[in-house]
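Okay, so the sequence shown: first residue is 193 according to the working numbering, each after it adds one.
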Amino acid sequence: MFGTALLPAGLPLASLFGGFMESNLMGKGIVLIQLASSIVAAAIIIGKNKELGCVLRNSKRFLREFLAGRDVLDYYLLRKKGSPTALELIYERTCERMVKLLDPDMRRSVIGRQSDAVNAALSGREIELVRSTCEHTLEEEQLRIENGMGLLATIVTASPMLGLLGTVWGVLDAFAEMGSKGTVLLSAIAPAISSALVTTVVGLLVAIPSAIFYNNLAVKVRQLATDMDGFSDELMGRIACEFQGRND
């Protein structure tokens with residue numbers, strides 16, 4: 193599991209396991225929650241890293257093919273059907289909206305790549321409608337690539353806090369037991385304190401690697417979001433240059 197797999201070499205597993213077995217019901221429950229959280233975090237990290245890597249590769253491939261086109265609609269009209277990437281989906285929905293706004297005769301000319309297609313034009317208001325579609329799709333795709341990051345951030349934050357709660361609770365029980373027995377011997381209270389610290393140790397073992405991987409994924413998410421913002425601006429700029437030709 194995430195926590196036990198990354199234990200420092202100097203920390204005896206026997207002591208950790210022994211402390212877990214000696215802890216109270218509250219402590220054991222918190223440790224089990226932390227270990228379950230580590231499994232969820234590992235699944236998110238592995239899946240998200242694979243997803244973002246694939247999106248980055250496909251986005252670079254799409255940009256090369258898009259920029260190689262003669263005009264803004266070249267890739268849209270000649271593309272192969274398949275599962276679109278984030279950038280490709282923004283491009284596809286924007287082009288669909290733009291083509292639908294053309295009058296029927298001009299739409300057929302554009303789709304058929306006829307010579308009079310160079311006269312196709314949209315009004316300023318129609319360009320704004322196309323821009324709205326582009327921006328809405330952009331926001332949807334940005335939310336999609338961020339999916340799962342919130343849960344991972346919650347695990348990073350909550351795991352050590354749960355550990356601290358378990359430790360404080362365990363120490364409270366230890367002092368209460370010490371008071372009821374009327375003894376201050378270290379040998380009597382040490383096992384209870386040791387078991388109380390287990391939740392903090394496990395919480396940190398879950399949170400530290402999760403935080404490292406979260407930051408790595410966050411960099412990729414920001415990179416993709418920046419790429420999508422830049423592409424959307426480029427796309428709308430080219431549409432305005434090539435198709436805005438009528439007065440409102």
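A virtual CB, placed ideally from N, CA and C, is assigned to each residue, including glycine. Remember, it's a predicted structure, so these values are computed and weren't measured experimentally.
Proximity of residue i and residue j at Cβ, strictly below 7 Å
| i | j | result |
| --- | --- | --- |
| SER351 | SER215 | no |
| GLY355 | ILE236 | no |
| GLY211 | VAL390 | yes |
| SER301 | VAL348 | no |
| LYS240 | LEU409 | yes |
| LEU330 | GLN436 | no |
| ALA312 | LEU294 | yes |
Alpha carbon of residue i to alpha carbon of residue j, nearest angstrom
| i | j | result |
| --- | --- | --- |
| LEU248 | ILE431 | 24 Å |
| VAL394 | GLU243 | 28 Å |
| ARG299 | CYS326 | 20 Å |
| ARG289 | GLN415 | 27 Å |
| ASN439 | CYS246 | Note on ASN439: pLDDT 43, under 50, position unreliable in the model; no value is reported. |
| ILE225 | LEU344 | 14 Å |
| ALA405 | ARG305 | The sequence as given places Phe at residue 405; Ala does not occur at that position. The straight-line gap from Cα to Cα measures roughly 48 Å. |
| PHE423 | VAL360 | 51 Å |
| ALA382 | GLY371 | 14 Å |
| LYS252 | VAL411 | 17 Å |
| GLU318 | ALA260 | 26 Å |
| ARG323 | MET428 | 7 Å |
| ASP297 | GLU320 | 22 Å |
| GLU369 | GLY362 | 10 Å |
| GLN334 | CYS287 | 19 Å |
| ALA234 | ASP365 | 33 Å |
| ASP425 | ASP266 | 18 Å |
| ILE238 | GLU257 | 29 Å |
| HIS328 | LEU217 | 49 Å |
| LEU227 | THR392 | 12 Å |
| THR418 | LEU396 | 32 Å |
| LYS273 | VAL291 | 18 Å |
| ALA197 | MET213 | For ALA197, the pLDDT reaches just 41, beneath the cut-off of 50, and the residue's location in the model is therefore unreliable, although a value from the coordinates is still provided. So the alpha carbons of these two residues sit roughly 19 Å apart. |
Residues of its chain near residue i, where Cβ-Cβ distance is below 7 Å and the 5 sequence neighbours each way are ignored
| i | result |
| --- | --- |
| GLU137 | Here the chain covers residues 193 to 440 and nothing more, so residue 137 does not appear. |
| GLU280 | PHE254 |
| GLU434 | ASP263, VAL264 |
| ASN250 | THR277 |
Given residue i as reference, the closest of the options once Cα atoms are compared
| i | options | result |
| --- | --- | --- |
| ILE222 | LEU357, ALA313, ASP421 | LEU357 |
| GLU332 | LEU389, PHE405, MET420 | MET420 |
| ILE400 | ARG336, GLY219, MET353 | MET353 |
| ASN407 | GLU338, LYS273, ALA366 | GLU338 |
| VAL413 | SER387, GLY342, THR346 | GLY342 |
| ILE303 | GLY316, ASN250, LEU270 | LEU270 |
| VAL232 | ALA417, LEU396, THR346, ASN250 | THR346 |
Opposing strand residues paired with residue i [DSSP bridges]
| i | result |
| --- | --- |
| GLN436 | LEU314 |
heavy atom of the ligand NAD below 6 Å from residue i C-beta
| i | result |
| --- | --- |
| MET420 | Ligands in the displayed structure: none, and consequently the ligand NAD is not present. |
Same chain, Cβ closer than 8 Å to residue i, neighbours up to 5 away in sequence not counted
| i | result |
| --- | --- |
| ILE385 | GLY362, VAL363, ALA366 |
| ARG336 | ALA278 |
| LEU282 | Note on residue identity: the sequence assigns Ile, not Leu, to residue 282. The residues are CYS326, THR329, LEU330, GLU333, MET420, PHE423, SER424, LEU427. |
6 Å Cβ shell around residue i - same chain, five flanking residues per side excluded
| i | result |
| --- | --- |
| ALA388 | THR359, GLY362, VAL363 |
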